[in-house]
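In the UniProt record's numbering, the protein residues as written are 1 to 357.
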């Protein structure tokens, strides 16, 4: 029979739980707005959305079990915890680690899947390499939580007789996975700078979106911190010392989910902050020839920049080209475009010179 701890005596545990629940809420807001933006524009959800939703579910599941662990004494010194709580806290801690590790992998998969839609050539192959290796390494890390002891139950009940792998093996492999995850985070955070430079967007907007998508750097920094705390697995006072390790795991997942949601949220931010742009007209004037001196023709290309996430996700809006009708007001004239110097374009209608000049 377990004994629940009075929360007022576990200030460290309450603080940790409050922080990670805030991360769950923030990431849920980003994820909810991401889904809303797509459905509101009548766009179907894709694999990157499914992975992001799965990552958030795994994050929430791990935080629920962390909360239960806190009620059993996680955050207190180990000598303050009743012995009957060790086994249930142990299995719940393993569940936390399992869902947290897989949540990290799924969140990186979501961001990588988003970038796969924007890349081609060697960049796409590089993203695939990151996606496969990150998932493989995290899968084995999650698996080792359950198979490192014989019998298996000793992995969560240290009082049972049996043998387990040395903690040094788990720690060293965890550091390897964390180091590779750090590289993946920084690589995925820097790739948008290369990708977005190819799109037809204002420079200020490109930089803003690239910075927003580079929030994965925070996940990379968190992964570095987590690597430096993995040795706490070997601590004799693990329930007290491992608080930072738990927070880092949640921060890494939440930040990656938020970074992966930025491209879709861009359309929402712009539509609420800026009025819709007026259609811009671009005229292509044919040079006067003897065949069209009396009726020069022109093409008008009307482009309406909806400034949606389509420009980021590589779906360039198609422009409809049609010959503009000529009338008596334009017959024998041509249009010249000038820069007014104030950021606006001025079009002037001027007569076409005849063949004799």
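For every residue, glycine included, the Cβ atom is placed at its ideal position computed from N, Cα and C.
Distance from residue 96 to residue 65 at the Cβ level is roughly 5 Å; contact confirmed, criterion being Cβ atoms closer than 8 Å.
Shown here, residue 163 sits in a strand according to DSSP, grouped into three states. The three-state secondary structure of residue 31, taken from DSSP, is helix. One thing to note: residue 112 has its Cβ no nearer than 8 Å to the Cβ of residue 143.
Take residue 135, set aside five residues on each side of it, and the residues of its chain with a beta-carbon closer than 7 Å to its own are 105 and 109, in chain order.
Nearest to residue 151 by alpha-carbon distance, out of 162, 49 and 145, is 162.
In this structure, the alpha-carbon of residue 153 lies about 43 Å from that of residue 190. Inclusion of residue 77 and residue 185 in the CB contact set at 8 Å is not warranted, their separation being larger than that value.
The alpha carbon of residue 103 has as its nearest neighbour, out of 264, 265 and 255, the alpha carbon of 255.
Straight-line spacing of the CA atoms in residue 147 and residue 169 works out to 13 Å.
Checking the DSSP bridge columns, you'll see residue 74 partnered with 76. Secondary structure note for residue 138: its alpha helix (DSSP H) is the uninterrupted segment 121-147.
The residue among 187, 178 and 43 with its C-alpha nearest the C-alpha of residue 101 is 178. Note that the stretch 18-33 touches the stretch 249-265; at least 3 beta-carbon pairs, one per stretch, sit closer than 8 Å. For residue 96, the enclosing alpha helix (DSSP H) stretches over residues 86-116. Bridge pairing for residue 150: 163 [DSSP].
Approximately 15 Å separates the beta-carbon atoms of residue 63 and residue 29; this is outside 8 Å, ruling out the contact. Per DSSP, reduced to three states, the secondary structure at residue 44 is coil, with no helix or strand assignment. The alpha-carbon of residue 156 is positioned some 16 Å away from that of residue 242. Linking residue 89 to residue 16 through their CA atoms gives a straight-line distance of about 16 Å. Residues of the same chain with a CB within less than 8 Å of the CB of residue 26, apart from the 5 flanking positions on each side, are 254 and 258 in chain order.
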